[in-house]
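S.K.: All residue numbers for the sequence shown refer to full-length UniProt numbering, where the first residue is 1 and numbers rise by one. Using N, Cα and C, we set each Cβ at its ideal position, and we do this for glycine too. Below: one structure in structure tokens.
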Amino acid sequence: MYRVLLPIDIDEDRARSQVSLLESLPGSIEEIEVVLLHVYEQVDTPADEAGSAVIEEINESIVELQGRPESVDAVEEELDALGVDHTLIEHVGDPSDGILTVADEEDVDAIVLGLRKRSPVGKALFGSVSQTVILNADRPVFLGKP
């Protein structure tokens with residue numbers, strides 16, 4: 001079984017492109033086990049102490065406050081239709097750090113990222129999350145575009 005980390009953000013088109021990329025990997029799609037990951041970004045803590053308690057409380061319940069994105073549900077439905085085993089992990093923190101941490105903790109074989117649509121000038125650069133993951137991952141990173 002080949003384990004793949006599929007970090008999903010709120011963009012449904014990008015998420016679907018990641019599933020398409022999974023389908024294009026060598027071998028049978030049924031031989032892939034997917035670890036879905038959605039990272040909820042923390043709210044930054046202000047300098048004063050009074051505000052930091054409120055921010056900590058918000059961050060502790062950020063998953064419930066923001067709710068699960070439709071993109072995650074859409075990918076789960078597609079994976080179910082393809083007969084792909086998958087689990088969902090919800091992580092709170094920095095997206096790049098979350099992706100790299102979960103990749104290590106879950107001992108995945110590869111990471112499949114989705115890229116944003118970019119202008120001609122922007123195509124020379126990856127997004128900050130993609131770039132950080134590509135530069136710091138100790139396993140293959142596949143990139144899919146919408």
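Under the assumption that Pro7 contacts Leu113 (Cβ atoms under 8 Å), give the Cβ distance between them as a whole number of angstroms.
M.R.: On the sequence shown, residue 7 is found 7 positions in, with the first residue counted as 1. On the sequence shown, residue 113 is found 113 positions in, with the first residue counted as 1. Contact holds; Cβ gap of about 6 Å.
S.K.: Here's the rule: buried if 16 or more other CB atoms are within 10 angstroms of the residue's CB, otherwise exposed. What is Ser71?
M.R.: The residue labelled residue 71 in the question sits at position 71 within the sequence shown. The residue in question, Ser71, is buried, as its Cβ has 16 or more Cβ neighbours within 10 Å.
S.K.: Quick one: give me the first and last residue of the beta strand (DSSP E) that Val39 is part of.
M.R.: To locate residue 39, count along the sequence shown from 1; it is residue 39. From DSSP, the beta strand (DSSP E) with Val39 extends over Ile32 to Tyr40.
S.K.: Quick one: give me the first and last residue of the beta strand (DSSP E) that Ile111 is part of.
M.R.: In the sequence shown, residue 111 corresponds to position 111, counting from 1. Unbroken beta strand (DSSP E) run through Ile111: Ala110 to Gly114.
S.K.: For the region 25-33 against the region 127-141, do three or more pairs of beta-carbon atoms, one drawn from each stretch, fall closer than 8 Å, so that the two count as touching?
M.R.: With the cut-off at 8 Å, the region 25-33 and the region 127-141 do not touch.
S.K.: Whole angstroms is fine: what's the gap from Leu100's alpha carbon to Leu37's?
M.R.: Residue mapping note: residue 100 aligns to position 100 of the sequence shown, counting from 1. Residue mapping note: residue 37 aligns to position 37 of the sequence shown, counting from 1. Near 11 Å, if we compare the C-alpha coordinates of Leu37 and Leu100.
S.K.: Which residue wins for smallest C-alpha separation from Leu88, given the options Asp94, Glu33 and Leu21?
M.R.: What you label residue 88 is simply residue 88 of the sequence shown in a count that begins at 1. Nearest C-alpha to Leu88: Glu33.
S.K.: The alpha helix (DSSP H) with Pro95 in it runs from where to where?
M.R.: Counting from 1 along the sequence shown, the entry for residue 95 is found at position 95. Where Pro95 is concerned, the enclosing alpha helix (DSSP H) stretches over Pro95 to Glu105.
S.K.: Between the Cα of Gln18 and the Cα atoms of His91, Glu76 and Asp104, which residue gives the shortest distance?
M.R.: As a working mapping, residue 18 is identified with position 18 in the sequence shown. Among His91, Glu76 and Asp104, the Cα nearest to that of Gln18 is on Glu76.
S.K.: Does the Cβ-Cβ distance between Val129 and Val35 come in under 9 Å?
M.R.: Looking up residue 129 in the sequence shown gives position 129. Looking up residue 35 in the sequence shown gives position 35. No, the pair does not count as a contact, with Cβ atoms beyond the cut-off.
S.K.: For Pro95, is the classification buried or exposed, using 16 other Cβ atoms within 10 angstroms of its Cβ as the cut-off for buried?
M.R.: Reading the sequence shown from its first residue, position 95 is the one you call residue 95. That one is buried.
S.K.: Which residues bound the alpha helix (DSSP H) around Ile134?
M.R.: Counting from 1 along the sequence shown, the entry for residue 134 is found at position 134. Where Ile134 is concerned, the enclosing alpha helix (DSSP H) stretches over Ser128 to Asn136.
S.K.: Are Val39 and Gly83 touching if we call contact CB-CB under 9 Å?
M.R.: Position 39 of the sequence shown, counting from 1, holds the residue named residue 39. Position 83 of the sequence shown, counting from 1, holds the residue named residue 83. It is not a contact, given that the beta carbons lie outside the stated cut-off.
S.K.: According to DSSP, what are the bridge partners of Val19?
M.R.: Within the sequence shown, the letter at position 19 stands for residue 19. Val19 is not bridged to any residue.
S.K.: Just grab the DSSP bridge partners of Leu6 for me.
M.R.: Taking the first residue of the sequence shown as position 1, residue 6 is located at position 6. Looking at the DSSP assignment, Leu6 forms a beta bridge with Leu36.
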